[in-house]
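In our numbering, the protein residues as written are 168 to 314.
All C-beta atoms in this analysis are idealised placements derived from N, C-alpha and C, irrespective of residue type, glycine included.
All of these numbers come straight from a predicted model, not from anything done at the bench.
Quick notes on the structure that follows.
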């Protein structure tokens, strides 16, 4: 008895992509009004897209804050400022890798368990959610914001 169906009326999938499926290239964002939707099926593809988007968002936020760190501490301790900047960027990459891996495989498990197709718009949204969560949790620890 096969309970897993993959037809156009049901919009559900099994863990395997349909025949003829070609994995979209990154970033693969599409306009819903002008293009056909693109989907991700395999956990590795979901992880890869989520990793790229998370690193892109984390990279921007950490680069801006790292440049502020560099500008503030360069006058007093130039070598220490460069080392701090390098460690700051390295920590952002490590944090992005860890958080995107957790989120991506949780999303892949959820979508595959529910037999759903994942739009290529989901990974950038979750990358943005991770960055916003990081910013809000950091702002909660700054005395200026605690009132």
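- For residue 219, the closest of 261, 186 and 189 by C-alpha to C-alpha distance is 261.
- The residue from 189, 200, 232 and 297 with its alpha-carbon nearest to that of residue 271 is 297.
- Exclusion of the five residues before and after residue 205 leaves 191, 195, 197 and 287 as the residues of its chain whose Cβ lies within less than 6 Å of its Cβ.
- Residue pairing from DSSP places residue 206 in a beta bridge opposite 286.
- Counting only the Cα atoms, residue 209 lies some 7 Å from residue 184.
- Considering only 264, 283 and 250, the residue with the shortest C-alpha distance to residue 224 is 264.
- Close CB contacts of residue 229 within its chain, under the 7 Å cut and outside five residues either way in sequence, are with 255, 256 and 259 (chain order).
- In this structure, the straight-line span from the alpha carbon of residue 269 to that of residue 215 is close to 12 Å.
- Buried is the label assigned to residue 252, since at least 16 other Cβ atoms lie within 10 Å of its Cβ.
- The alpha-carbon of residue 248 is positioned some 47 Å away from that of residue 283.
- Per DSSP, the continuous alpha helix (DSSP H) segment holding residue 270 begins and ends at 245 to 280.
- Between the alpha carbons of residue 189 and residue 227 lies a gap of roughly 30 Å.
- Within the same chain, 216, 217 and 220 come within 6 Å of residue 290 by CB-CB distance, once the 5 residues on both sides are set aside.
- Residue 187 sits exposed, since fewer than 16 C-beta atoms from the chains shown fall within 10 Å of its C-beta.
- DSSP, read as helix, strand or coil, puts residue 225 in helix.
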